[in-house]
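**Q** Residue numbers (this note's numbering), protein chains in the order written: chain A, 1 to 786; chain B, 787 to 1572.
No residue lacks a Cβ here, since even glycine has one placed at the ideal position from N, Cα and C.
Handing you a structure now.
Number of protein chains: 2
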Amino acid sequence: MAYTVVGKSVRRVDAIAKVTGKAKYTDDFSERNMLVGKILHSPYAHAIVKSIDVSKAKALPGVEAVLTYKDLPDIRYATALPGVIEAIATDDVDVAELKYGTAGHPFSLDESHRDKEDRRILTQKARFVGDNIAAVVATDALIAAKALKLIEVEYELLEPLTSPEAALKEGAPLIHDDSERNILSSNGYEIGNFEEAVKEADRVFEGEYETSIVQHCHMENQVSHAYVDSDRRIVIMSSTQIPHIVRRIVAQSLGISWGRVRVIKPYVGGGFGNKQDVCIEPLNAAMTLAVGGRPVRLELSREEAMIDTRTRHAFKFKIKTGINNDGKMVAIHISAISNTGAYASHGHSIAGSAGGKFRYLYPTKALKYDPITVYTNLPVAGAMRGYGTPQIFFAFESHIEDIAKKLNMDPVELRKKNLVEVGYVDPASKNKIMSCGIRECIEKGKELINWDVKKSLYKEQSGDKRRGLGMACFSYASGTYPVALELAGARIVMNQDGSVQLQLGATEIGQGSDTVFAQMVSEILGIPMYMVHVISTQDTDITPFDTGSYASRQTYVSGMAVEKAALEVKKKVLEVAHKLTDLPAHVLDLRDQYVVMKESGEQVIALEIVAMQSFYDRVNAQPITSDVSNNARINAIPFGVTFAEVEVDIKTGKIKIIEIYNVHDSGKIVNPLLAEGQVHGGVSMGIGYALSEQLLFDEATGKPLNNNLLDYKLPTIMDTPDIGAAFVEKEDPTGPFGVKSLGEPPIVSPAPAIRNAVLDATNVAFNRIPMNPQRVFEKFKETGLI
Amino acid sequence: MAYTVVGKSVRRVDAIAKVTGKAKYTDDFSERNMLVGKILHSPYAHAIVKSIDVSKAKALPGVEAVLTYKDLPDIRYATALPGVIEAIATDDVDVAELKYGTAGHPFSLDESHRDKEDRRILTQKARFVGDNIAAVVATDALIAAKALKLIEVEYELLEPLTSPEAALKEGAPLIHDDSERNILSSNGYEIGNFEEAVKEADRVFEGEYETSIVQHCHMENQVSHAYVDSDRRIVIMSSTQIPHIVRRIVAQSLGISWGRVRVIKPYVGGGFGNKQDVCIEPLNAAMTLAVGGRPVRLELSREEAMIDTRTRHAFKFKIKTGINNDGKMVAIHISAISNTGAYASHGHSIAGSAGGKFRYLYPTKALKYDPITVYTNLPVAGAMRGYGTPQIFFAFESHIEDIAKKLNMDPVELRKKNLVEVGYVDPASKNKIMSCGIRECIEKGKELINWDVKKSLYKEQSGDKRRGLGMACFSYASGTYPVALELAGARIVMNQDGSVQLQLGATEIGQGSDTVFAQMVSEILGIPMYMVHVISTQDTDITPFDTGSYASRQTYVSGMAVEKAALEVKKKVLEVAHKLTDLPAHVLDLRDQYVVMKESGEQVIALEIVAMQSFYDRVNAQPITSDVSNNARINAIPFGVTFAEVEVDIKTGKIKIIEIYNVHDSGKIVNPLLAEGQVHGGVSMGIGYALSEQLLFDEATGKPLNNNLLDYKLPTIMDTPDIGAAFVEKEDPTGPFGVKSLGEPPIVSPAPAIRNAVLDATNVAFNRIPMNPQRVFEKFKETGLI
């Protein structure tokens, strides 16, 4: 459909705020008098605290509180002024014994559907190097750092389990007493009957693939501050994707009523899923309680943030595929081991989610998925852009390429024989594919990279620098339905001049959601963008409830709430216009700040006059607002493809990306410029994932080796080629304005496309990423290329 | 009716915030980098600026901008970054030529009903000593003050008209070119036919009475700061009673769309009506525009605030009353001259409002009211607690006392013969008296002060110290209906534990409205007070629309919106409970955090379970909120009486108050302790009005003589007796929980009661207040008492 504002590359609503420095982030709200919190991390990957002596730390002038697992604040005491202020908690709660989960999922009324609760604010048992043993609150950061050094801890060392293999071996010590064989979960599925189907296949192929631990490296580290307000509530300002979930988890971690916590989210400097986890807020809350409610600031350094927040799960896959001679896959079996590190976080759901989103791309008669998520004594893996799909698609899109090679088939043609079609209903989720542009995406990608010409050009290569082409496809989802609740809220308040404020539960974290929401409102209400004022800050006290920014849900799921809110305002405007003009509301529409005749576009009455009437009509005054909630019980499946051209330096093992294109079917693109930005960011992240990024640990001790931005090889602008983005806009009937998700998808397919291009160039199949120069060099030696 | 929370003296919701210093007022939000604005005031009461040279001021290092009437900022230029930020204004507007009104009234769609627009942000014609001629914005206050001294102004002096008599004399210069004979308005009314009715009266009495100019003296002076945000809007934080009206008037003063202004109101340190006027915000907005949108802070000193904001109108009354021998008044004629000072502000409506509210007390066959509101070259009079009624009731309650004396009737009995009864319909407003406890108030007051015993005890006095008793009655209103729009809004958001946030358009300015609103919500939802979190800050971007805090409208008018919002939430809670239990919603009620059987009180399901269901039911999730607006088209009339006992020191002229009681029929009292506080404050203000307060001016030049808290005699705690407060709770069917107004009423009747007590003690009738020692001494000499 043709729209006025939707589909246009309008400027971000926060562009000026951000380039002028007026946009305020969490730390911009820090005040000079705030106390500073710092954390004592375990130096051992697996150990029990035998004794802990904080007396010297406590005695240091400027130290206001020292917390350990055994003396977390008594909430009732800390916040009570006897006779004046009642205590926050109504029951006696031993905070030190409370367990909670940190994953940023909506709460579930179904107990079996809740996240694993295996975390305490501070622990007696260190489960990874970096685990939180104690904490200090002091008047400044230097004193706090000094106090940490004065805490004397005696550890009993346990065997560090630094790999899933070690964790799974018979007799391995249990990382969590209540876990079986260090397995967090092993929930797979089988569609059809794999064993039967694979028997009928003409050929069977097997492959093994492996991904590494990487980290989000968002620009702004985790930071928060917390205090107890005069209403006796814990107020936390935090750089989070999920303020309403932070509220819940902080309350759970302290055993208090959820309404006793208020969370405020200002501008956020990136999250990529790492801020869809509640990492520092419970401890920050405990810190303020320990100092009588005074404000305490808690900020992680980069070195801390890289190991003490979350990482991306490393996966090992074994895939077995039965395929007929015509190229039709009939049976797929994927088994996976996911390394979730020391605590559950999102671990149990990420392996499942990967298998769920994979299902939409190549429907087969039989598909069996067997994931095991394993605890190890490494930093905690959690949500990260793609949520398991970069891993599974790296494996499968490498595997299908290997099959094509072995079958001597064009890998693109092989994929096309197996791609999903519109109308397909996923047998497990019951989601129906209502739109699908994957074939057009492939055609567009081939064209952009000049596939056919280059393919023949690079056919026979020798020499030190060899070029190759590769591609990979993916399917994704828009939000989490039907796995989790998809509730979103929006509120619109119209001013006297017809301009509006838009309040959202959904969080802007840099992705541009505020802008696309404003475009939707601008479109529906027929007002220019500058008349839509987005309240970018979320405050659990007043913002409509929304579970937050994750799962690529915002434009689709929260967009539905925005659309609903705007349509309600439009309805009210037209009702007032009807009262003023006697024209039936259904023949009217809104355009260019006017109520117009829907058909002819003829202007009937200025929006401003209607708005003024709504405020000041002596009899019928009723300011025009809407405050809606939408429970999305549907999902739209986006698709896409990466095409990459690489040049491999055989002697140095250096892989250079010559060209790379992502082509997405994400339904209607609300803002092409912002969409392109999403693709640039995702592909860049995918390039790092493919070629250079890996968080390294000493195998014997579990100590991190490169938890800093010098040694961790995030691609710089010098490593990043021009990235091409294109869109096939198959409007989905379920999405507002026909949108499907685009937030995470760009990260999913670059790594396998690059891997397949390297295979094309060198005939060497890398089944493990990153393909960094050392690993490439070793593999080339191994395969005899050098 | 019996309630659980309503009617109880619960602690103020902001008590802890205020006593611990956590409550943040406007200046607490000032930031170190803010520029400082200062104003150049006219030293002449009536003068024209012939020339103004700001070059020296502009040249002073640290001066960022100098504004005069002729170079107010070009809005288009100041806020535009060409090519990046569009200008705010869409039309060319000459701000220097824009006129606006400052009164905090709701806007009216009826042009004839709007406030007089006679003000410019800066003026070329000084109309009182203190008028705003120029302004400076500098990096700090010292530089700004120095710069003011460097501005060279040449004035052409005009005759200063320092009294209504001078202003009204033939040939007096016009203060405003478009005013006739310096008269702002002269809208009176006549009910019945006075001339005919008075002829039929048995006796006719006449009297003249006069009140003085006083000032509000709220603790927190006018203060605001303003900046242009990255959304290109002017954001103003201000200590105001009326944020939504500030938004409108600032926009009008600058000729921009109203939605381009955002106003935030934090805690306010008192207003008493003075902050129901938009005194400094337009200039503050102009200041930030003049410096490219950088934040500018504008705070008035006490000396400035006392003459450059608003004062209480001084009135002169002539009253003629026809009365029958049985004591029944049959015809009243009140003519009044109201001195409104240099600009209109509320002037035109205050004289009218006084006459309107007076009408309810003693209905007579004929009542004629002839007010004239006159411009003079004195500071601007505006809204102040009572809004004209302390003046008119001082006059009439003195007059009726004088009549009783002349008729040798008991003044209480005389009043009782004339008092209104339930069911009376005011012929002009059509307001119907639905509740009236004035007779019970009088009885209670008599009892409290031991009237009969003391009256006989003090009958025959001589000596230097003489005691006497006096009383005076009043009627008032609850809000402004039917004169103005009475729109109020409230929003409630329920949390997962059943606690709620309450967002109000109505402004807490110290009177305790947040607390009584929270009580109403607590009562209706059956949750304890600590589970109602009031958002005390108003922000025009997100707070429900409400015209603000004035006219004693909050508990009554805004209370209706709060009640409506809470009832909507209750309805939604019971609907969810119905879904969960199958019990019909109409048999259910809310009590003690439970859904209960309405009749038996038996607990059915915990509120928390209902709330959780509303958030997390996978199919029916719909968080429970309400966002309502209420247009109150009704008014309830409160009544009351003051009883005072005084001891007059004949030799010094010093009047000491021995006992004083105010007894109010304000309907249901939601919070007796807060109500008592209102009475204490109002009576204390009334004592100052009666005995000591007067803003003095040099008659020849109009220069203020005592615009500071040393020379202006505000009563101190040493001047204030124990004040007694009592209530006759005639629940009014129109008010939420039966309330009527109480905010302003306590100020209305103390002055005449004290005056009548002095008359009783000394036989000397003071027809002018304040009765300060000098005036008392002079009068005693004049009457031969000394």
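#1: Would you mind telling me which residues of chain B sit closer than 7 Å to Phe517 of chain A, beta carbon to beta carbon, in chain order?
#2: Checking 8 Å against the spacing of the C-beta atoms, do Tyr886 of chain B and Gln1027 of chain B come in under that value?
#3: Report the neighbours of Arg618 of chain A on chain B: residues whose CB is nearer than 7 Å to its CB, in chain order.
#4: In terms of DSSP beta bridges, what is Glu940 of chain B paired with?
#5: With 16 as the cutoff for other CB atoms within 10 Å, does Glu1572 of chain B come out buried or exposed?
#6: His244 of chain A: which of B:Pro1409, B:Lys1440, B:Ala930 and B:Lys1489 sits nearest, CA to CA?
#7: Per DSSP, Glu994 of chain B forms a beta bridge with which residues?
#8: Please check if any C-beta of chain B sits within less than 8 Å of the C-beta of Thr4 of chain A.
#9: Per DSSP, which one or two residues make a beta bridge with Lys911 of chain B?
#10: May I have the straight-line CA-CA distance separating Leu150 of chain A from Pro73 of chain A, to the nearest angstrom?
#11: What residues in its chain sit with their C-beta under 7 Å from that of Met835 of chain A, if we drop five residues either side in the sequence?
#12: Looking only at DSSP bridge pairs, what is Asn918 of chain B linked to?
#13: Taking the alpha-carbon positions, what's the Asn756 of chain A to Lys654 of chain A distance?
#14: Is Tyr941 of chain B near Ala833 of chain B, with beta carbons less than 8 Å apart?
#15: If we ignore side chains and look at the alpha-carbon of each, how far apart do Thr876 of chain B and Gly1041 of chain B end up?
#16: Kindly indicate which residue of A:Gly292, A:Ser429 and A:Leu695 has the alpha-carbon position closest to the one of Glu381 of chain A.
#17: Out of B:Gln910, B:Ile1118, B:Ile1050 and B:Ile929, state which residue places its alpha-carbon closest to the alpha-carbon of Glu976 of chain B.
#18: Could you check if Ser1470 of chain B is buried or exposed, using at least 16 other CB atoms within 10 Å of its CB as the buried criterion?
#19: Taking Cβ positions only, does Ser780 of chain A come closer than 8 Å to chain B?
#20: Following the continuous alpha helix (DSSP H) through Arg439 of chain A, name the residue where it begins and the one where it ends.
#21: Check whether chain B comes within 8 Å of Ser230 of chain A, counting only Cβ atoms and requiring the distance to be less than that.
#22: Is the Cβ-Cβ distance between Ser230 of chain A and Thr812 of chain B less than 8 Å?
#23: Taking all protein chains shown into account, do 16 or more other C-beta atoms lie within 10 angstroms of the C-beta of Leu947 of chain B, making it buried, or fewer, making it exposed?
#24: Drop a sphere of 10 angstroms on the beta-carbon of Phe980 of chain B, count the other beta-carbons inside from all chains shown, and report buried for 16 or more, exposed for fewer.
#25: Kindly confirm or deny that the region 725-739 of chain A and the region 602-616 of chain A touch, where touching means at least three C-beta pairs closer than 8 Å.
#26: Within the 8 Å Cβ cut-off, does Thr806 of chain B reach chain A?
#27: If you scan the region 657-745 of chain A from start to end, which runs of the alpha helix (DSSP H) of 4 or more residues do you find wholly inside it?
#28: Just checking: is the beta-carbon of Ile1031 of chain B within a distance shorter than 8 Å of some beta-carbon in chain E?
#29: My output table needs one value for His333 of chain A: the three-state DSSP class, helix, strand or coil.
#30: What residue does the alpha helix (DSSP H) around Tyr616 of chain A start on, and which one ends it?
#31: Going along chain B in order, which residues have a C-beta closer than 7 Å to the C-beta of Gln694 of chain A?
#32: Considering Arg1048 of chain B, what are the terminal residues of the beta strand (DSSP E) in which it resides?
#33: When the distance is taken between beta carbons, is Ile1328 of chain B closer than 8 Å to Val573 of chain A?
#34: Measuring only between beta-carbons, confirm whether Thr876 of chain B sits less than 8 Å from chain A.
#35: Along chain B, in chain order, which residues have C-beta atoms closer than 8 Å to that of Met531 of chain A?
#36: According to DSSP, simplified to helix, strand and coil, what is Thr1411 of chain B?
**A** Walking through what the data contain:
#1: On the first sequence, position 517 is the one that residue 517 of chain A refers to. None at all; the shortest Cβ gap to chain B is about 14 Å.
#2: For the purposes of this step, residue 886 of chain B is taken as the residue at position 100 of the second sequence. For the purposes of this step, residue 1027 of chain B is taken as the residue at position 241 of the second sequence. No; because the gap between Cβ atoms is not below 8 Å, this pair is not in contact.
#3: Taking the first residue of the first sequence as position 1, residue 618 of chain A is located at position 618. Result: Leu1271.
#4: Translated into positions along the second sequence, residue 940 of chain B becomes position 154. According to DSSP, Glu940 of chain B shares a beta bridge with B:Ser837.
#5: For this step, residue 1572 of chain B is matched to residue 786 along the second sequence. Sequence check: residue 1572 of chain B is Ile here, not Glu. By the C-beta density criterion, Ile1572 of chain B is exposed, having fewer than 16 other C-beta atoms within 10 angstroms.
#6: Position 244 of the first sequence, counting from 1, holds the residue named residue 244 of chain A. Scanning B:Pro1409, B:Lys1440, B:Ala930 and B:Lys1489 for the CA closest to the CA of His244 of chain A turns up B:Pro1409.
#7: If you number the second sequence from 1, residue 994 of chain B lands on position 208. When DSSP reads this structure, Glu994 of chain B sits in a beta bridge with B:Lys1104.
#8: The residue labelled residue 4 of chain A in the question sits at position 4 within the first sequence. Not closer than 8 Å to any Cβ of chain B, the Cβ of Thr4 of chain A fails to qualify, so no.
#9: On the second sequence, residue 911 of chain B is found 125 positions in, with the first residue counted as 1. Paired residues: B:Ile834.
#10: Position 150 of the first sequence holds residue 150 of chain A. Position 73 of the first sequence holds residue 73 of chain A. Straight-line Cα distance between these residues: approximately 20 Å.
#11: Residue 835 of chain A cannot be examined here, being either before or after the span of chain A that is shown, 1 to 786.
#12: Against the second sequence, residue 918 of chain B aligns to sequence position 132. According to DSSP, Asn918 of chain B shares a beta bridge with B:His827.
#13: Residue numbering aside, residue 756 of chain A sits at position 756 when the first sequence is read from its first letter. Residue numbering aside, residue 654 of chain A sits at position 654 when the first sequence is read from its first letter. Put simply, the backbone Cα of Asn756 of chain A is about 15 Å away from that of Lys654 of chain A.
#14: Reading the second sequence from its first residue, position 155 is the one you call residue 941 of chain B. Reading the second sequence from its first residue, position 47 is the one you call residue 833 of chain B. A contact, by the Cβ cut-off of 8 Å.
#15: Your numbering for residue 876 of chain B matches position 90 in the second sequence. Your numbering for residue 1041 of chain B matches position 255 in the second sequence. A caution first: Thr876 of chain B carries a pLDDT of 45, below 50, which makes its placement in the model too unreliable to give a value.
#16: Counted from its first residue, the first sequence places residue 381 of chain A at position 381. It is worth fixing the name first, because residue 381 of chain A is Ala in this sequence and not Glu. Nearest option by C-alpha distance: A:Leu695.
#17: On the second sequence, residue 976 of chain B is found 190 positions in, with the first residue counted as 1. That would be B:Ile1118, whose Cα lies nearest to the Cα of Glu976 of chain B.
#18: Within the second sequence, numbered from 1, the residue matching residue 1470 of chain B stands at position 684. The residue in question, Ser1470 of chain B, is buried, as its Cβ has 16 or more Cβ neighbours within 10 Å.
#19: Within the first sequence, residue 780 of chain A is the residue found at index 780, counting from 1. Checking the displayed sequence, the identity of residue 780 of chain A turns out to be Phe instead of Ser. Put simply, the CB of Phe780 of chain A is far from chain B, with every gap to its CB atoms at 8 Å or more.
#20: Residue 439 of chain A sits at position 439 when you count from the first residue of the first sequence. Run containing Arg439 of chain A: Ile438 to Ile449, per the alpha helix (DSSP H) assignment.
#21: Stepping through the first sequence from its first residue, residue 230 of chain A is reached at position 230. Interface annotation, Ser230 of chain A: in contact with chain B, CB-CB separation under 8 Å.
#22: Looking up residue 230 of chain A in the first sequence gives position 230. Looking up residue 812 of chain B in the second sequence gives position 26. No Cβ-Cβ contact shorter than 8 Å links Ser230 of chain A with Thr812 of chain B.
#23: Reading the second sequence from its first residue, position 161 is the one you call residue 947 of chain B. It is buried - the Cβ of Leu947 of chain B has at least 16 other Cβ atoms within 10 Å.
#24: Within the second sequence, residue 980 of chain B is the residue found at index 194, counting from 1. Here Phe980 of chain B is buried, its C-beta having at least 16 other C-beta atoms within 10 Å.
#25: These segments do not touch.
#26: Residue numbering aside, residue 806 of chain B sits at position 20 when the second sequence is read from its first letter. By this cut-off, Thr806 of chain B is an interface position.
#27: As far as the region 657-745 of chain A is concerned, its whole alpha helix (DSSP H) runs of at least 4 residues are 672-691.
#28: Looking at the structure shown, chain E is missing, and the protein chains on hand are A and B.
#29: Numbered from 1 along the first sequence, position 333 holds the residue referred to as residue 333 of chain A. Reduced to three states, the DSSP call for His333 of chain A is strand.
#30: Along the first sequence, one-based indexing puts residue 616 of chain A at 616. Note, Tyr616 of chain A: alpha helix (DSSP H), Leu607 to Tyr616.
#31: In the first sequence, counting from the first residue as 1, residue 694 of chain A sits at position 694. By Cβ distance, chain B contributes nothing, its closest Cβ being about 39 Å from Gln694 of chain A, past 7 Å.
#32: The residue you call residue 1048 of chain B lines up with position 262 of the second sequence. Counting along the chain, the beta strand (DSSP E) containing Arg1048 of chain B begins and ends at Val1047 to Lys1051.
#33: Mapped onto the first sequence, residue 573 of chain A falls at position 573. Mapped onto the second sequence, residue 1328 of chain B falls at position 542. Cβ distance not < 8 Å, so Val573 of chain A and Ile1328 of chain B don't count as in contact.
#34: Translated into positions along the second sequence, residue 876 of chain B becomes position 90. The pLDDT assigned to Thr876 of chain B is 45, lower than 50, so where the model puts this residue is not dependable, and the model offers no usable value.
#35: Translated into positions along the first sequence, residue 531 of chain A becomes position 531. By Cβ distance, chain B contributes Gly1045.
#36: In the second sequence, counting from the first residue as 1, residue 1411 of chain B sits at position 625. In the structure shown, Thr1411 of chain B sits in a strand (DSSP, three-state: E or B).
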